[in-house]
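J.: Dumping the structure here so I can ask a few things about it.
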Amino acid sequence: MPEADKAGERYQGDRPQAAPGFFLKGSHQLDWGMKNRLARVFNPASGRTVMLAVDHGYFQGPTSGLERIDLSIVPLLPQCDALFCTRGILRSLIPADTQKPMVLRASGGPSILREELSDEQIAMDMDDAVRLNAAGVGIQVFIGGEHETRSVHNMTRLVDAGLRCGMPVMGVTAVGKAMTRDAQYFRLACRIIAELGAQYVKTYYVDDGFETVTASCPVPIVMAGGKKLPELDALTMAYNAVSQGAAGVDMGRNIFQSEAPKAMIAAVGAVVHNNTKPKEALEIYKSLKAKG
Ligand code: R5P
1 MPEADKAGER
11 YQGDRPQAAP
21 GFFLKGSHQL
31 DWGMKNRLAR
41 VFNPASGRTV
51 MLAVDHGYFQ
61 GPTSGLERID
71 LSIVPLLPQC
81 DALFCTRGIL
91 RSLIPADTQK
101 PMVLRASGGP
111 SILREELSDE
121 QIAMDMDDAV
131 RLNAAGVGIQ
141 VFIGGEHETR
151 SVHNMTRLVD
161 AGLRCGMPVM
171 GVTAVGKAMT
181 RDAQYFRLAC
191 RIIAELGAQY
201 VKTYYVDDGF
211 ETVTASCPVP
221 IVMAGGKKLP
231 ELDALTMAYN
241 AVSQGAAGVD
251 MGRNIFQSEA
261 PKAMIAAVGA
271 VVHNNTKPKE
281 ALEIYKSLKA
291 KG
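Written as structure tokens, this is what we have:
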């Protein structure tokens with residue numbers, strides 16, 4: 001008889017990691033400023049966040065749905081917990097009187113015209129993130145990519161700069177075109193990013209074994225949305241991710257490419273913060289969409 005797979009037992013996803021005195025996994029021993037910024041992005045009541053990702057233009061220009069951020073995204077601000085954008089969009093289009101926390105894309109380099117996207121550099125100084133009153137910065141990490149070492153080093157330099165001023169760093173698992181998106185890969189990538197100091201990690205959902213990705217990552221994980229799916233599928237993915245240990249989402253296309261982005265972000269919020277089941281969330285979406 002083959003030995004039974006003990007992987008589930010090893011990860012023990014049913015035993016939450018303790019964080020005495022703070023609501024967020026892996027963050028209880030951070031300094032006050034860092035915690036305060038995290039508590040602006042993650043809702044202390046639910047422990048989760050709905051980040052709206054609109055940074056796509058940093059390498060692919062005016063992505064479908066982001067052609068006019070002033071018209072398509074600014075009206076959604078009241079419904080997200082935080083916006084993930086570039087400093088160029090922040091300064092040019094986001095009203096400075098918003099109370100929403102901003103997480104700024106801090107890496108860049110190759111455009112969509114290049115085959116190899118892992119050749120990124122740090123693309124903003126931490127001084128500028130502080131000047132912009134950011135609640136965090138985000139950077140792509142290409143584990144297994146051609147420029148893996150550089151992208152890891154970019155992140156560790158950003159983490160060091162962030163620790164000096166209390167700025168959380170979100171490490172983003174970037175998947176190259178040829179890489180397999182499975183739980184084994186994401187366990188590896190998320191764990192490396194956390195071990196090397198990022199305060200939270202953004203990664204993709206996988207159907208098989210996502211709970212092992214969240215359980216083996218000592219800091220919060222937010223789920224990236226990926227390509228546009230039918231609304232019920234996107235809501236189901238978000239529901240599964242938070243049920244399996246994610247501390248929320250950082251979704252873009254599945255919100256701003258929806259036929260009714262305001263209705264969709266409200267439905268995602270119900271899933272993330274209230275554990276609303278996908279079919280009920282779809283009803284929320286449909287009824288808000290019908291009301292226009
Ligand atoms: C990731 O690195 C991208 O720049 C986006 O922030 C990310 O892919 C999330 O957006 P989406 O939900 O559209 O995949």
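Just so you know, we're using the numbering used here here: the sequence shown kicks off at 1 and counts up by one. Ideal placement from N, C-alpha and C gives every residue a C-beta, glycine not left out. Source: prediction; values computed, not measured.
1. Mapping DSSP to helix, strand and coil, what is Ala53?
2. Measuring alpha carbon to alpha carbon, tell me which of Val213, Gly226, Met264, Ile255 ends up nearest Arg10.
3. Mind checking who Leu83 pairs with in its DSSP beta bridge?
4. Gly269 lies in the alpha helix (DSSP H); which residues open and close that run?
5. Is it buried or exposed, Asp70, if we count other Cβ atoms within 10 angstroms and call 16 or more buried?
6. What number of angstroms, rounded off, separates the C-alpha of Leu24 from the C-alpha of Pro16?
7. At the level of alpha carbons, what is the spacing between Pro95 and Ile73?
8. By Cβ distance below 7 Å, which residues in the same chain neighbour Ala215 in space, the five residues on each side in sequence not counted?
9. Nearest-angstrom Cα distance between Gly138 and Phe59?
10. Ligand 1 heavy atoms versus the CB of Met251: any closer than 8 Å?
11. For the segment 150-167 against the segment 218-236, are there 3 or more C-beta pairs whose distance is under 8 Å?
12. Compute the Euclidean distance between the alpha carbons of Pro78 and Gly136, then round it to the nearest angstrom.
13. When burial is assigned at 16 or more other CB atoms within 10 Å of the CB, is Glu116 buried or exposed?
14. Could you name each continuous beta strand (DSSP E) segment of 3 residues or more that falls completely within the segment 101-154, going from the start of the chain to the end?
T.: Taking the geometry as given:
1. Taking the first residue of the sequence shown as position 1, residue 53 is located at position 53. Of the three classes helix, strand and coil, the one that applies to Ala53 here is strand, per DSSP.
2. Start at 1 with the first residue of the sequence shown, and residue 10 comes out as number 10. For Arg10, the nearest C-alpha among the options comes from Val213.
3. What you label residue 83 is simply residue 83 of the sequence shown in a count that begins at 1. Beta-bridge annotation (DSSP): Leu83 is paired with Leu52, Met102.
4. What you label residue 269 is simply residue 269 of the sequence shown in a count that begins at 1. 261-274 is the span of the alpha helix (DSSP H), which, as asked, contains Gly269.
5. Residue 70 sits at position 70 when you count from the first residue of the sequence shown. Counting Cβ neighbours within 10 Å, Asp70 comes out exposed, since fewer than 16 surround it.
6. Mapped onto the sequence shown, residue 24 falls at position 24. Mapped onto the sequence shown, residue 16 falls at position 16. Rounded to the nearest whole angstrom, the C-alpha separation of Leu24 and Pro16 is 11 Å.
7. Position 95 of the sequence shown, counted from the first residue, corresponds to residue 95. Position 73 of the sequence shown, counted from the first residue, corresponds to residue 73. In a straight line, the C-alpha of Pro95 is about 11 Å away from that of Ile73.
8. Counting from 1 along the sequence shown, the entry for residue 215 is found at position 215. Excluding residues within five positions, the ones whose Cβ falls inside 7 Å are Tyr11, Gln12, Gly13, Gly245.
9. As a first step, residue 138 is located in the sequence shown; it is residue number 138 there, counting from the start. As a first step, residue 59 is located in the sequence shown; it is residue number 59 there, counting from the start. Gly138 and Phe59: Cα-Cα distance of roughly 14 Å.
10. Locating residue 251 in the sequence shown gives position 251, where the first residue counts as 1. For ligand 1, at least one heavy atom lies less than 8 Å from the Cβ of Met251.
11. No, the segment 150-167 is not in contact with the segment 218-236.
12. On the sequence shown, residue 78 is found 78 positions in, with the first residue counted as 1. On the sequence shown, residue 136 is found 136 positions in, with the first residue counted as 1. Taking the straight line joining both Cα atoms gives about 19 Å.
13. If you number the sequence shown from 1, residue 116 lands on position 116. Exposed, since its Cβ has fewer than 16 Cβ neighbours within 10 Å.
14. Correct list: 102-105, 136-141.
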